[in-house]
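A short worksheet on the structure shown next.
Protein chains in written order, with my numbering: chain D, 64 to 178; chain Y, 683 to 794.
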């Protein structure tokens, strides 16, 4: 079975540009999570969805960040405009959810560098 | 606010040693505690613990939960250089609806 798929794996962009990160969760998983990881702050939850509906976006840093999940097999995280402090590894994860299945499975991540 | 604290933050040992990593937590309506291993890439799942006193084991790794004292330990015996990684502890609360709260991680380095 394919795991969580993310694209691109690496993104280098200039300050002010729009960045779109993509995620395909594991088929059948009801929950999808977006995380950001930096050396300073560790792994931070940005937003998560249940059955394509955003449940908690309290971790989204500011209005420059937005996330969508138009269907069960696709989600995007957009940063517009990007800033150097957005440089980090962004992970997408999914979990089954039902029956208390809490284990989240992570994608390979997107390493974002904003110059 | 739910909180997870791991210790030590960093640990360097020699190959063959046994290590114990600690995770303490404060969470409303605890449901489960999870351990992940992160090498250079994404965190990979190790264990999920829900009941006190029941050891989960996988090869040289084992983990146990104490819900009364609100902590968990991860043991690695006969360490190998391939065990070098950051080990992350996370908790899930019934209130949080699948949301995991992660600790800051323990960076383990195994020297040959």
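All residues carry an ideal CB built from backbone N, CA and C; glycine is no exception.
Can you give me the start and stop residues for the beta strand (DSSP E) that residue i sits inside?
i	result
residue 757 (chain Y)	753 to 758
residue 684 (chain Y)	From DSSP, residue 684 (chain Y) is part of no beta strand (DSSP E); its letter is neither H nor E.
Going by DSSP, name the residue or residues bridged to residue i.
i	result
residue 82 (chain D)	D:142
residue 704 (chain Y)	Y:689, Y:755
residue 110 (chain D)	D:97
For residue i and residue j, what's the separation of their Cα atoms in angstroms?
i	j	result
residue 727 (chain Y)	residue 166 (chain D)	7 Å
residue 746 (chain Y)	residue 731 (chain Y)	7 Å
residue 689 (chain Y)	residue 782 (chain Y)	19 Å
residue 108 (chain D)	residue 158 (chain D)	14 Å
residue 140 (chain D)	residue 117 (chain D)	12 Å
residue 859 (chain Y)	residue 759 (chain Y)	Nothing about residue 859 (chain Y) can be reported from this structure: the residues present for chain Y run from 683 to 794 only.
residue 113 (chain D)	residue 145 (chain D)	27 Å
residue 718 (chain Y)	residue 729 (chain Y)	7 Å
residue 708 (chain Y)	residue 768 (chain Y)	21 Å
residue 785 (chain Y)	residue 105 (chain D)	8 Å
Give me the residue from the options with the minimum Cα distance to residue i.
i	options	result
residue 84 (chain D)	D:159, D:91, D:178, D:96	D:96
residue 787 (chain Y)	Y:794, Y:770, Y:780	Y:770
residue 115 (chain D)	D:169, D:136, D:144, D:175	D:136
residue 93 (chain D)	D:104, D:78, D:111	D:111
residue 725 (chain Y)	D:138, D:170, D:90, D:131	D:170
residue 766 (chain Y)	Y:751, Y:743, Y:754, Y:791	Y:791
If you run the structure through DSSP and keep just helix, strand and coil, what is residue i?
i	result
residue 764 (chain Y)	helix
residue 742 (chain Y)	coil
residue 148 (chain D)	helix
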